[in-house]
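These notes concern the structure reproduced below.
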Amino acid sequence: MPLTRRRFAALLGVLTAGSTGVLAFASGQQTPAEATQEKSAVAALPASTTAGSVVQVVAHPDDDLFFMNPDLSRSLLSGVPVTTAYLTSGEADGRNEARGATIRDPEQPADRTHYAEARQNGIRSAYAQMATGDRTSAWKRTVIPTAGGGQAELDILMAKPHVNLVWFQLREARSTGADTPDSLRGLWNGRIPALGAQLTSGTPVKKQFAYTKDQLIQSIAGVLARYRPTTIRMQDPTPGRYGETGRFTDHQDHMYGARFVQAASAAYAAQYTDRPRFSVQSYLGYHNSSLPHALDPQTAETKTDYLRTYAWQDHQDYCGSPSGCGDRKVAGNPTGRNWAQSMRYTRADHSSWLVEGTAGRLWAFATLDGQTAYWTRNPGGDWTGPALLPGTGIDPGATTARLPDGRIAVLATRTVFGTARPEEYRREVVYAVQSAPDGPFGPWQSLGTPERGDDEGTSAISAPVAAVDAAGRLTVYLRDSRRTLRATAQQPDGRFSTWGRLGGEDLQSDPVTAVDSAGRRHVYATTTTSVLAWTQPAPGAPLAGPQPTGLPATTVPLSAAPEGAGVRLYFRRPDSGVVRSALVTAGPGKLQVSSVAEAGGRAGYGALGVAGRHIAGRADNGTVGTTGLGGPPAWTESGMLYAGAPAAVLEPAGSTMAVVGLDAQLHTTTTAADPGRPTWRRAVR
């Protein structure tokens, strides 16, 4: 049964005592004691540590191990409550095999109930290993009702009862991309009235059931209501297709399962008002196989070791199940198709969400509860927020642009679910602008999308980024589903042009833009092998490009900052995570690209926040850390895991860096000219 408010408050108080203050944040109000308490100096606030709670929803057993690790294992080790829900049983063809050799008698027919049970056994073992170090640590298996009228299996790790697994046990598509109506895809698109269960052989759930589309959405929302997460992790709802072949770049269950999670998260936000705020993080799937490795060898090996446990690679009978102790299909190749060597976000992996407005005032933006939230720091150094802009359906991640008069524009993509036909599902670009410097934001305005109507995944657009001209007019750039660069420019009457084509191919992740000291605009985007550039040869001239930079391959996320007569790019070296940078200078002739410099020390993964020579990003242990070019020889690691990417702003006294923690709250640090050992603290008490 869902937790009552009293039970939840007591539990959350225990989990977060002394470090987070989530309870006041969850209600949106101060307690009487807080309201009357004098402000303490910033230095008196406790240092930020990992807090909050995490719910992951994936399509199949092992999607979390392949595509959400090491975030998953590090969350488990941090001690925050973690629940993973599996939408399907992952029964596939019912044969538990490695390199074609079946474990059971090859003369026997396929048995989907036993294979699905073996995958459950493997998942339980891997989670036990990640959380306790002992793959045989015991689980309690029970049955819970769902909000959709069915039943789910709930597994609780006895040694760590805040680690839970929820099994919906629905039928999977049994094909990566073939048109299989009896699937999540068929249910989403209305081709079947309901999707039935595929129960495992050992499950305590004995009652057969089926869900309509609305019932499944409500069932997932009910799980969110039960666990009240501050971070929701999901797969990519718009992975796109491969070129002209039309093949999905990801498994159809991943894609359509994620759309159900999107819809359920929106329903949860709307129906359950007495809850903490939450952020959402989406993860790249199969497409990781075609990109450079994002993880260093040690992290990748640790991740692979958990996959070996899931795959029952040693074949020792330690679980006592007649179905087997793991997924032997994975045993022959536990790294998958280069999946174990990477982990990437598909949204909120850029660092342009923190910006200075008028002198001394900062604005930070994130997506909470499906709305754009913002925090404000006044010139005296005090933060307030979050406040929510009206309008729902806002995707994770926000980007910003500062207008010449100090007003701020915020941009995002918005998911539109439609009401009648599945092809009404689409993503569109939206923006909102302050009515006056430091003033309120106007309503969201839609810039549409360069894509045709989304029927089967053409809404795979990146986050938008914007440049501003001297007259305060915006030009918005994004990567389209065909992996080319598109742009729309604001006209003197305020309206925007149609989406123009700027070329390029094989573009990955989000583009970045900056303006150099001469007033020339730069736009950059990574490919699988290098970085492409579009630059103005002179201020106000049309962009020229795409131009090759000759830079080496990156792990994809890119950051850019003006530096002298050029723009310095920041990125990570594949297979190590070490931070690299290069200065690009534009002009009438060929681009001038400096040699690549490296920040010292072994780093992590994901995008970087940059302010001057100060850099924030994931350190080796996954927590937010800082380093500097020409500064400390290694990362200064904090004690806090976070969602999305860090952001940073250079100020006269140094730099301010910010992240959104797993508790869905803003955390900041201010670093002087000497980075030293900065301490992260909650921005708002």
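Residue numbers for the sequence shown follow full-length UniProt numbering, so the first one is 1 and each next one is one higher. Backbone N, C-alpha and C define an ideal beta-carbon position, used for all residues, glycine too.
Option nearest Ser509 by Cα separation, candidates Gly240, Gly150, Val82 and Ala118: Residue mapping note: residue 509 aligns to position 509 of the sequence shown, counting from 1. Nearest C-alpha to Ser509: Gly240.
Stretch pair the region 87-97 + the region 654-670: three plus CB contacts closer than 8 Å: no
Where Phe417 sits in the DSSP three-state scheme: If you number the sequence shown from 1, residue 417 lands on position 417. If DSSP states are grouped into helix, strand and coil, Phe417 belongs with coil.
Selected residue, minimal CA-CA separation from Leu354, among Ala364, Gly360 and Arg233: For the purposes of this step, residue 354 is taken as residue 354 along the sequence shown, with counting starting at 1. The residue with the shortest Cα to Cα distance from Leu354 is Ala364.
Cβ shell of Gln218 (< 6 Å), same chain only, five flanking positions each side left out: Sequence index remark: in the sequence shown, residue 218 carries index 218 (1-based). Hits under 6 Å: Ala147 and Gly148.
Residue nearest to Thr113 in terms of C-alpha spacing, selected from Gly202, Gly52, Asp179 and Thr626: For the purposes of this step, residue 113 is identified with residue 113 of the sequence shown, where counting begins at 1. Taking only the C-alpha atoms, the option nearest Thr113 is Gly202.
Residues of its chain near Pro61, where Cβ-Cβ distance is below 6 Å and the 5 sequence neighbours each way are ignored: Looking up residue 61 in the sequence shown gives position 61. Taken in chain order, the residues that qualify are Tyr86, Gly90, Arg119 and Ile123.
Three-state secondary structure (DSSP) of Tyr272: For this step, residue 272 is matched to residue 272 along the sequence shown. Three-state result, Tyr272: coil.
Enclosing beta strand (DSSP E) for Pro297 [first to last residue]: If you number the sequence shown from 1, residue 297 lands on position 297. Here Pro297 belongs to no beta strand (DSSP E); instead the alpha helix (DSSP H) covers Pro297 to Tyr310.
Identity of the residue in Val567, Pro678, Trp339 and Ser559 nearest Ala647 by Cα: Here residue 647 corresponds to residue number 647 of the sequence shown, with the count starting at 1. Residue Ser559 is the option with its Cα nearest to Ala647.
Contact belief for Thr475 with Gln490 at Cβ below 8 Å, rounded distance in angstroms: Position 475 of the sequence shown, counted from the first residue, corresponds to residue 475. Position 490 of the sequence shown, counted from the first residue, corresponds to residue 490. That pair is a contact at about 7 Å.
Near the ligand MN: Ala412 beta-carbon under 7 Å from a heavy atom: This structure does not include the ligand MN; it has no bound ligands of any sort.
Sheet register partners of Asn164 (DSSP bridge): In the sequence shown, the residue the question calls residue 164 occupies position 164. DSSP output for Asn164 lists Thr83 and Ile156 as bridge partner(s).
Residue(s) in a DSSP beta bridge with Ala514: Against the sequence shown, residue 514 aligns to sequence position 514. Ala514 pairs with His522.
Touching by the beta-carbon criterion (3+ pairs, under 8 Å), the region 412-423 and the region 292-302: no
Three-state class that DSSP yields for Arg95 in the structure shown: Numbered from its first residue, the sequence shown carries residue 95 at position 95. In this structure, Arg95 counts as coil in the three-state DSSP scheme.
Interface flag, Ala597 vs chain B, CB-CB below 8 Å: In the structure shown, chain B cannot be found, because there is only a single protein chain.
Arg568 (DSSP reduced to helix, strand or coil): As a first step, residue 568 is located in the sequence shown; it is residue number 568 there, counting from the start. Note: Arg568 maps to strand in three-state DSSP.
Identity of the residues DSSP links to Ser581 by a beta bridge: For the purposes of this step, residue 581 is identified with residue 581 of the sequence shown, where counting begins at 1. DSSP lists Tyr570 and Ala597 as partners of Ser581.
Run of the alpha helix (DSSP H) containing Tyr605, from where it starts to where it stops: Against the sequence shown, residue 605 aligns to sequence position 605. Tyr605 -> no alpha helix (DSSP H), and no H or E assigned at all.
Spatially closest choice to Glu356 from Tyr211, Thr585, Val410 and Thr392, by CA coordinates: As a working note, residue 356 is residue 356 in the sequence shown. The candidate whose alpha carbon is nearest that of Glu356 is Val410.
Reduced DSSP category for Gln262 - H, G, I as helix; E, B as strand; rest coil: Residue numbering aside, residue 262 sits at position 262 when the sequence shown is read from its first letter. Three-state DSSP puts Gln262 in a helix.
With 16 other Cβ atoms within 10 Å as the buried cut-off, status of Thr36: Position 36 of the sequence shown holds residue 36. A caution first: Thr36 carries a pLDDT of 38, below 50, which makes its placement in the model unreliable, though a value can still be read off. Exposed, because fewer than 16 other Cβ atoms sit within 10 Å of the Cβ of Thr36.
One or two residues paired with Ala436 in a DSSP bridge: Counting from 1 along the sequence shown, the entry for residue 436 is found at position 436. Paired residues: none, contrary to the question.
Beta-carbon proximity of Ala487 to Gly503, cut-off 8 Å: Translated into the one-based positions of the sequence shown, residue 487 becomes position 487. Translated into the one-based positions of the sequence shown, residue 503 becomes position 503. No; because the gap between Cβ atoms is not below 8 Å, this pair is not in contact.
Nearest-angstrom Cβ-Cβ length linking Ala561 and Gly577, presumed shorter than 8 Å: Locating residue 561 in the sequence shown gives position 561, counting from the first residue. Locating residue 577 in the sequence shown gives position 577, counting from the first residue. Going by Cβ atoms, the distance from Ala561 to Gly577 rounds to 20 Å, so no, they are not a contact pair.
Gly622 classed as buried or exposed, judged by whether at least 16 other C-beta atoms fall within 10 angstroms: For the purposes of this step, residue 622 is taken as the residue at position 622 of the sequence shown. Gly622 is buried by the Cβ-count criterion.
Whole-angstrom C-beta distance between Glu117 and Arg328, which should lie under 8 Å: Here residue 328 refers to the residue found at position 328 of the sequence shown. Here residue 117 refers to the residue found at position 117 of the sequence shown. With a Cβ gap of about 13 Å, Arg328 and Glu117 do not count as contacting.
Ser638 vs Val649 beta-carbon contact at 8 Å: To locate residue 638, count along the sequence shown from 1; it is residue 638. To locate residue 649, count along the sequence shown from 1; it is residue 649. Not in contact: Ser638 and Val649 (Cβ atoms no closer than 8 Å).
Met343 - DSSP class collapsed to helix/strand/coil: Residue numbering aside, residue 343 sits at position 343 when the sequence shown is read from its first letter. Note: Met343 maps to coil in three-state DSSP.
Helix, strand or coil at Thr626 according to DSSP, with G and I counted as helix: One-based indexing of the sequence shown puts residue 626 at position 626. Correct three-state label for Thr626: strand.
Whole-angstrom distance between Ser282 and Pro145, CA atom to CA atom: Here residue 145 corresponds to residue number 145 of the sequence shown, with the count starting at 1. Here residue 282 corresponds to residue number 282 of the sequence shown, with the count starting at 1. If I take the Cα positions, the gap works out to 27 Å.
His287 to Arg685 span [Cα, whole Å]: One-based indexing of the sequence shown puts residue 287 at position 287. One-based indexing of the sequence shown puts residue 685 at position 685. If I take the Cα positions, the gap works out to 40 Å.
Gly133 in three-state terms, based on DSSP: Translated into the one-based positions of the sequence shown, residue 133 becomes position 133. In this structure, Gly133 counts as coil in the three-state DSSP scheme.
Touching by the beta-carbon criterion (3+ pairs, under 8 Å), the region 571-590 and the region 530-540: yes
Which of helix, strand or coil DSSP assigns to Thr113: On the sequence shown, residue 113 is found 113 positions in, with the first residue counted as 1. Helix at Thr113.
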